[in-house]
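Q: Before anything else, here's the structure in question.
Protein chains: 2
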Amino acid sequence: MKKAVLITIGDEILSGNTIDTNSNFIATQLKNIGFKVVQIFTISDEIETIKKTLKSAFEIGDLVITTGGLGPTKDDKTKKAFAEFFNDTLVSDAETLEHLRQLLIKRNREHLFDINLLQADILSKSKVFQNHNGTAPSLMVEENGKIAICLPGVPYEVKPLIKNQIIPFLQEKFEQNFIVSRIISVVNFPESLLSETIESWELALPENISLSYLPIANRVKLRLTALGKNEEILNQELDGEISKLRPLIQNHIISESGDSIEEILRDLLISKKLTISTAESCTGGELSRLITSVSGSSYYFLGGICTYQTQKKTEILGVSEKLVQEKTVVSEEVAQAMSLGGQKLFKTDISLSTTGVAGPNSDEFESEVGTVFYSIRVQNFEKTFKLYLPHLERKDFMNFVSMKVLQDLIEILIREKI
Amino acid sequence: MKKAVLITIGDEILSGNTIDTNSNFIATQLKNIGFKVVQIFTISDEIETIKKTLKSAFEIGDLVITTGGLGPTKDDKTKKAFAEFFNDTLVSDAETLEHLRQLLIKRNREHLFDINLLQADILSKSKVFQNHNGTAPSLMVEENGKIAICLPGVPYEVKPLIKNQIIPFLQEKFEQNFIVSRIISVVNFPESLLSETIESWELALPENISLSYLPIANRVKLRLTALGKNEEILNQELDGEISKLRPLIQNHIISESGDSIEEILRDLLISKKLTISTAESCTGGELSRLITSVSGSSYYFLGGICTYQTQKKTEILGVSEKLVQEKTVVSEEVAQAMSLGGQKLFKTDISLSTTGVAGPNSDEFESEVGTVFYSIRVQNFEKTFKLYLPHLERKDFMNFVSMKVLQDLIEILIREKI
């Protein structure tokens with residue numbers, strides 16, 4: 001397997017202002033064509049640091065991809081560092097300049113500024129990947145059989161460049177081994193206990209198959225990755241190992257295919273022909289966002305409502321005012337009434353509801369911050385759950401609860417044989 | 001300013017399975033107490049790699065913080081690498097063991113497994129920060145005036161450890177300079193043009209004040225950071241520089257205080273005493289999630305509805321069937337009817353609506369993928385916008401559109417003097 005090293009350039013990541021999502025995307029894409037990312041450097045935008053890091057990166061990798069530091073402003077120095085590192089000079093490229101001019105015309109800007117002109121400068125020995133969504137082109141330099149590629153930093157620009165141009169280029173350039181991986185989603189099984197349970201199976205895995213544990217919310221994803229010359233044989237090997245694993249943890253497996261909870265749910269709902277809706281409060285829309293974040297969700301998701309204000313729960317979902325006064329808004333009973341109201345409003349098989357306090361402040365009933373009730377209704381079946389998550393920050397709380405609701409729904413759909 | 005280096009350990013980041021959000025959080029927290037993160041290494045879970053990286057990190061930083069590689073499973077090797085690097089031995093710590101025992105009892109698990117016991121091993125010369133949300137403790141080692149701290153990898157465990165224990169510890173340990181920063185949010189101003197416009201102002205900034213550009217969606221955040229001994233003087237200096245900047249870009253500034261669009265919106269809505277609701281389609285709940293992701297949003301956000309299926313737009317929002325047939329569901333007219341329906345349903349001052357196609361597949365009207373109309377209604381004022389974003393992936397599309405809706409709302413609230 002060829003080794004890749006990523007270099008993320010720019011102070012916005014180091015200062016904590018921006019989360020680096022590019023590395024994640026690039027690593028996933030590279031994995032599919034047989035490159036393993038062995039290290040990621042996140043560095044500041046200084047020529048000497050960039051050059052020093054390029055040197056370290058080439059010591060461990062066959063392919064080096066940088067993101068960031070190509071913008072037009074003063075703090076962007078990647079291209080200069082590349083030129084110095086590769087003993088090359090920067091020259092203005094007519095084709096890139098024309099591409100840039102067309103792009104700016106599309107954006108209703110006829111005038112090119114001096115700093116825009118500089119963006120058409122390329123290393124004399126580089127190959128250019130034109131950027132259709134921004135002004136900085138991507139450049140590729142090859143030396144001693146190793147490759148360096150620099151990309152802009154904006155994720156919206158990086159993704160299409162990687163997917164449509166760089167991956168096809170690398171695929172053609174290198175002929176790689178096949179990689180096949182499978183993800184087994186395990187729930188209600190603490191990582192340490194799981195590890196003890198499957199230890200002897202893990203130790204007996206053949207050398208070309210590796211296992212990793214990926215805990216996410218309270219699910220553990222076991223990823224098996226197989227490497228070899230023949231795709232069919234790899235699939236057979238994985239089938240064999242998984243059939244040995246299955247009896248050890250059977251009741252805890254919720255999926256052997258999907259990766260994210262949303263994808264697992266999609267496959268289940270489509271195969272069972274069930275429709276779904278949401279009636280949220282404390283999750284603020286995160287639950288419906290998660291469900292709709294996968295393509296195909298319009299086949300089963302009919303709609304969602306977020307009744308944030310207590311009065312809206314009464315007006316729109318028909319939760320009785322008396323019930324709210326008696327039980328308070330963060331209660332099992334209100335969660336149940338909300339999911340019933342949602343099911344009626346959207347006319348769906350499945351209805352999910354959440355009511356709780358994300359914090360940091362409490363509600364008008366002084367409910368305890370971090371408490372949440374959620375109700376899962378599948379046709380006539382209903383089950384209510386309670387969670388207490390006082391240590392989670394607001395956004396994490398909204399996300400964790402929503403993930404857990406979907407995970408419990410999946411378990412119900414599997415266990416209750418609906 | 002003291003220098004910090006972060007090391008993220010574990011294959012789940014390198015493989016592209018997990019996005020590293022810990023570094024972002026830690027960098028932000030460290031910045032507040034005067035530490036600048038100068039580099040981040042993301043490495044695999046191998047003892048030799050960890051030791052080599054610790055060495056590189058100590059060459060450039062005064063403080064080294066690692067995350068990951070402390071779990072109970074076989075692929076976690078950080079603690080061993082720390083012991084070897086610091087020529088120390090691992091010893092079982094009675095206090096940590098007792099803490100672990102209590103934690104597992106709370107989780108209804110009375111029995112400690114062998115691999116759980118190992119989690120109570122600490123370096124003999126380390127200080128322990130007990131982990132209240134997981135089984136791996138955080139350890140601190142001091143050598144030659146420099147400090148190394150290892151943390152688990154799970155974000156829900158990292159955040160409280162950093163916030164409640166590590167930051168207070170570092171604050172007491174080091175007496176640092178004051179750091180004051182301001183964020184100016186600029187819209188409708190391409191980065192290159194902005195940079196040209198404020199170049200001479202930027203060049204004239206005093207040495208202790210630095211400027212960085214943070215483009216996010218189609219807003220640019222200008223961050224001014226001042227460093228010095230006296231907080232009051234720093235604030236005066238920043239006020240002075242900002243008052244020189246203001247006339248250069250006045251019409252493009254939407255905020256001089258808030259950081260995120262959601263926070264800027266919160267401050268505006270609370271000060272203007274306006275309520276808000278959402279009527280979404282293609283954004284799938286992301287718009288209401290964004291609004292509710294900041295604390296205090298329950299003061300102005302009354303609720304949101306996501307009518308994903310076309311029929312629900314008619315049934316719940318009162319969008320006429322005839323209009324949908326005539327104009328198609330992704331149209332200016334349907335966006336307007338949706339925001340009107342939302343305003344009536346939730347009885348709010350402001351109503352926002354979105355209708356579009358996130359892709360990758362089109363809808364029943366074969367609308368072009370990436371097209372979206374959104375309507376912003378503030379009392380009797382209404383304005384409709386169109387975006388065409390065919391290159392964005394589904395989740396990015398939902399997020400970009402929602403950010404843009406809120407940004408345009410902020411502009412309307414400021415410009416229209418509502």
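Just so you know, the protein sequences line up as chains P and L, in that order.
All the letters of the first sequence, read from the start, carry residue numbers 1 to 418 under UniProt numbering.
All the letters of the second sequence, read from the start, carry residue numbers 1 to 418 under UniProt numbering.
Even glycine gets a Cβ: it sits at the ideal position worked out from N, Cα and C.
1. Could you please give the first and the last residue of the uninterrupted alpha helix (DSSP H) stretch that includes threonine 53/L?
2. Going by CA-CA distance only, name the one from Ser353/P, Val294/P and Val220/P that's closest to serine 255/P.
3. Taking 8 Å as the limit between beta carbons, can you name the residues of its chain near glutamate 84/P, skipping five residues before and five after?
4. Is there a Cβ of chain B sitting closer than 8 Å to that of threonine 21/P, yes or no?
5. Give me the Cα-Cα distance between isoleucine 9/P and valine 64/P, rounded to the nearest whole angstrom.
6. Check whether chain P comes within 8 Å of alanine 27/L, counting only Cβ atoms and requiring the distance to be less than that.
7. How many angstroms separate the CA atom of serine 375/P from the CA atom of phenylalanine 365/P?
8. Any idea what DSSP makes of glycine 342/P, helix, strand or coil?
9. Does the CB of residue 439/L have a neighbour CB from chain P at under 8 Å?
10. Taking 8 Å as the threshold (C-beta atoms), are glutamate 262/P and leucine 290/P in contact?
11. Is the distance from the Cβ of leucine 123/L to the Cβ of leucine 104/L below 8 Å?
12. Determine, using beta carbons only, whether glutamine 171/L comes closer than 8 Å to chain P.
13. For the stretch 252–271 of chain L, which residues have a CB atom closer than 9 Å to at least one CB atom of chain P, in sequence order?
14. Quick check for students: name the residue ranges of the beta strand (DSSP E) that lie wholly in the stretch 279–307 of chain P, counting only runs of 3 or more.
15. Step through the CB atoms of chain P and report whether any lies within less than 8 Å of the CB of aspartate 93/L.
16. With a floor of 3 residues, list each beta strand (DSSP E) that falls wholly inside the stretch 222–270 of chain L, ordered by position along the chain.
17. Measuring alpha carbon to alpha carbon, tell me which residue in Gly69/L, Leu70/L, Phe41/L and Asn116/L is nearest serine 56/L.
18. Going by beta carbon distance, what residues of the same chain come within less than 6 Å of threonine 275/P, once the five residues before and after it are set aside?
19. Run through chain L and tell me which residues come within less than 9 Å of glutamine 39/P, C-beta to C-beta.
20. For the stretch 380–399 of chain L, enumerate the residues whose C-beta is nearer than 8 Å to any C-beta of chain P, in chain order.
21. Residue 420/L bridges to which residues according to DSSP?
22. Give me the Cβ distance between asparagine 116/L and serine 281/P, rounded to the nearest whole Å; I'm assuming they're in contact under 8 Å.
23. Over what stretch of residues does the beta strand (DSSP E) that includes serine 92/P continue unbroken?
24. Taking 8 Å as the CB-CB limit, is glutamate 207/L close to chain P?
25. Confirm, please, whether the CB-CB distance from phenylalanine 82/P to valine 5/P is below 8 Å.
26. Does DSSP put serine 195/L in a helix, in a strand, or in coil?
27. Any Cβ of chain L within less than 8 Å of the Cβ of tyrosine 374/P?
28. Is glutamate 241/L buried or exposed, if buried means 16 or more other CB atoms sit within 10 Å of its CB?
29. Going by alpha carbons, who is nearest to alanine 148/P out of Gln379/P, Ile166/P and Arg377/P?
30. I want to see whether chain P comes within less than 8 Å of glutamine 130/L, judged by CB atoms only; does it?
31. Looking only at C-alpha atoms, which of Thr310/P, Lys125/P and Gly153/P sits nearest to aspartate 93/P?
32. Which bits of chain P does leucine 214/L rub up against, with CB to CB less than 8 Å?
33. My parser needs the alpha helix (DSSP H) runs of 4 or more residues fully inside the stretch 146–179 of chain L; what are they?
34. Per the contact definition of three or more C-beta pairs closer than 8 Å, is the stretch 350–357 of chain L in contact with the stretch 372–390 of chain L?
35. Does the count of Cβ pairs from the stretch 395–402 of chain P and the stretch 204–215 of chain P closer than 8 Å reach three?
36. Where do the ends of the alpha helix (DSSP H) carrying lysine 31/L lie?
A: In terms of the structure at hand:
1. 47–60
2. Val220/P
3. Ile47 and Lys51
4. The structure shown contains no chain B; the protein chains it does contain are P and L.
5. 13 Å
6. yes
7. 20 Å
8. helix
9. With chain L represented from 1 up to 418, any question about residue 439/L goes unanswered, as that position is not in the structure.
10. yes
11. no
12. no
13. Asp259
14. 301–307
15. no
16. 253–255
17. Phe41/L
18. Tyr300, Leu302, Thr348 and Asp349
19. Leu14, Phe41, Thr42, Ile43, Ser44, Thr49 and Thr53
20. His391, Leu392, Glu393, Arg394, Lys395, Asp396 and Met398
21. Nothing in the structure corresponds to residue 420/L, since chain L is present only between 1 and 418.
22. Asparagine 116/L to serine 281/P, Cβ: 37 Å. No contact.
23. 90–92
24. no
25. no
26. helix
27. no
28. buried
29. Ile166/P
30. no
31. Lys125/P
32. Glu12, Asn17 and Thr18
33. 155–160 and 167–173
34. yes
35. no
36. 22–32
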